[in-house]
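Structure first, commentary second.
In this note's numbering, the protein residues as written are 3 to 426.
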C-alpha cells in the first residue's frame, strides 16, 4: 500500500514509526513531516491546512490510505474532501469532528445523552459569563469554544483570574475566533487520565490507557501546555475503571453520534477526571494524543495499519490489538520559554545517539539546515520515549537519554511519571 500521514508533530512521528513497520506498506509519505519523520517516510512540503494540496498529492501519487494526525484539518473537513475524491482515510468527517471543534457542542451533547461531565454554562456575551462566574465562585475553569492548539483552557484559582480570562478570550481575542464563544465549567477534583478508543461508528475498541502532564513545571505547576510528558499504562485506569469509562462515556458517545446522524469513525480521545464519584469527561479530542501516542506506539505489539483501515472500512469488529506488558514513558523536551515566546532554529546535538534498544527519540518541531544540523523549530521539540519493566525503570531510561542530548536552549520537566512511580 501507498500511505500518507498528515501532520508534523511528535504524534505523527510515532504514527509513521509504527506504520513504517507494517509489511503492508510499500511507500510512506508525510505532509509536511519533520526531521525525525524523514527517517521513516518521504516528507512532502504541504502544510496541514492546505486541504486541496493534500488531496491533489494523494490523487497524483495514487495514495491508497491517508492517516490524518492533527485536529485542524479534521475539523476543516479533510476527510470529507478525500472521501469525495475516492481516497480512503482514517479520521472523522467534519460533522463528527465537531466533538473537538466545539466544546460547547460537546457539553450540550453530554447533557442530551447523560454522559457524566462537569456542570457548565456556555456564553457569547462576556457580561453574562462574568455574572455566572461570580455566582459559582472559584476555582473555576474557562475554556475557549474552538480549537486553540491545546492552550485555550484557563484554570482560574480566583474569581478575578476567571474574569480576566473571559476578557482575554472574548475582548482581547487571545485565541482568535476560538474564543468568540466560551464555556465556563465547574472545577473537578481527582486524577486526570487519557483514554483512547478506535471506533468505526458502531464497534468500539479500547486502546491502552495513558496519562499526560499538562502543566509546564515540575509538581504540576505553571501554565497548561500541549503536554510535557506521558506514560502508559495509567495505574488509575485499572480494568474496572476502563469498563466504567467505556460503558458510561465512550460507548454512549458513539451511539449518540450515530443517532444524531454524525457517525464517528476514527479515534476518540477522552480527557477524563477520575473523581470520587467515578470517571467524568473533561473534553473530547478526535485524534490521537500528543505525547500519549509516543508511549502507546512503543507498547503496541500488533500491526497498527490494519486496525486503522478496519475503522475506515467499518470492519473493526474483526480486529484485536495486543500490547506489551512493559511500561512506556515519554519526556517532552521543549524550547526555553515555552509555552510563551521562545527562540527558534537553535541547534540540537546527540538526539540520534541518545537512542537505544529501549529508547526512541520522536521529533515534534525539528528541521535540518543545509549542513545537516538538527534545529529546533517549535515549542515542543522532542519526545524522548523509553520502555521499562516498570514505571521507575522507564523513567530512568528516558531521563538518561535526555541527559545524552546536547541542547542548551531546551528544557524538560524532571518528574514525568511521578504518580505511577509513587504507586510502585
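Cβ coordinates follow ideal geometry from the N, Cα and C atoms, glycine included.
As DSSP reads the structure, residue 199 sits in a beta bridge with 208, 270.
Between residue 12 and residue 408, the gap from beta carbon to beta carbon reaches 8 Å or more. Residue state for residue 108 is assigned as helix, using DSSP reduced to three classes. A residue is called buried when at least 16 other Cβ atoms come within 10 angstroms of its Cβ; residue 139 does not meet this threshold and is exposed. If you compare the alpha carbons of 250, 167, 35 with that of residue 45, the shortest gap goes to 35.
Apart from sequence neighbours up to five positions away, the residues of its chain that approach residue 184 with a beta-carbon distance below 7 Å are 125, 131, 144, 145, 146, 147, 168, 171, 172, ordered along the chain. Within the region 319 to 404, complete beta strand (DSSP E) segments of at least 3 residues are found at 329 to 337, 348 to 350, 361 to 365, 368 to 370, 376 to 378, 382 to 390, given in chain order. Just so you know, the alpha carbons of residue 273 and residue 420 end up roughly 19 Å apart. At a Cβ-Cβ threshold of 8 Å, residue 378 and residue 418 do not count as neighbours. Boundaries of the alpha helix (DSSP H) harbouring residue 75: 73 to 78, taken from the DSSP string. Between the region 215 to 230 and the region 330 to 348 there are three or more C-beta pairs closer than 8 Å, enough to call the two in contact. At a Cβ-Cβ threshold of 8 Å, residue 271 and residue 204 do not count as neighbours. A contact between stretches requires three or more CB pairs, one per stretch, nearer than 8 Å, and the region 321 to 329 fails this requirement with the region 97 to 110.
Separation of residue 356 and residue 119 (C-alpha to C-alpha, rounded to the nearest whole angstrom) is 42 Å. Cβ atoms of residue 298 and residue 234 come within 8 Å of each other, at about 5 Å.
Taking residue 259 as the centre and dropping the five residues before and after it, the same chain places the C-beta of 98, 265, 266 closer than 7 Å to its C-beta, in chain order. Taking C-beta separations shorter than 8 Å and ignoring five residues to either side along the sequence, the partners of residue 263 in its chain run 97, following chain order. Counting of Cβ neighbours within 10 angstroms places residue 129 among the exposed residues, the total staying below 16. Taking C-beta separations shorter than 7 Å and ignoring five residues to either side along the sequence, residue 249 has no partners in its chain. Under the three-pair Cβ rule at 8 Å, the region 15 to 24 counts as touching the region 305 to 319.
The shortest CA-to-CA distance from residue 103 to any of 114, 75, 405 is the one to 75.
The beta carbons of residue 8 and residue 33 sit about 6 Å from each other, so the pair counts as a contact at 8 Å. The residue from 153, 317, 88, 425 with its alpha-carbon nearest to that of residue 181 is 153.
Excluding its 5 nearest sequence neighbours in each direction, residue 155 has C-beta neighbours in its own chain below 7 Å: 143, 145, 226, listed in chain order. In the structure shown, residue 308 falls within a helical segment according to DSSP collapsed to helix, strand and coil. Around the CB of residue 261, fewer than 16 other CB atoms lie within 10 Å, so the residue is classed as exposed. Counting every other CB atom within 10 Å of its CB across the protein chains shown gives residue 87 a total below 16, marking it as exposed. Residue 158 and residue 178 have their C-alpha atoms roughly 20 Å apart. Taken in chain order, the complete alpha helix (DSSP H) segments of 4 or more residues contained in the region 231 to 263 are 241 to 247, 253 to 261. Excluding its 5 nearest sequence neighbours in each direction, residue 386 has C-beta neighbours in its own chain below 6 Å: 333, 363, 400, 403, 404, listed in chain order. Within the same chain, Cβ atoms closer than 6 Å to the Cβ of residue 24 are found at 305, 307, the five residues on either side in sequence being excluded. Between the alpha carbons of residue 338 and residue 353 lies a gap of roughly 17 Å. At least 8 Å separates the beta-carbon of residue 358 from that of residue 38.
When secondary structure is reduced to three states using DSSP, residue 283 falls in the strand class. When beta bridges are read from the DSSP output, residue 9 appears opposite 34. In the three-state reduction of the DSSP assignment, residue 103 falls in the helix class.
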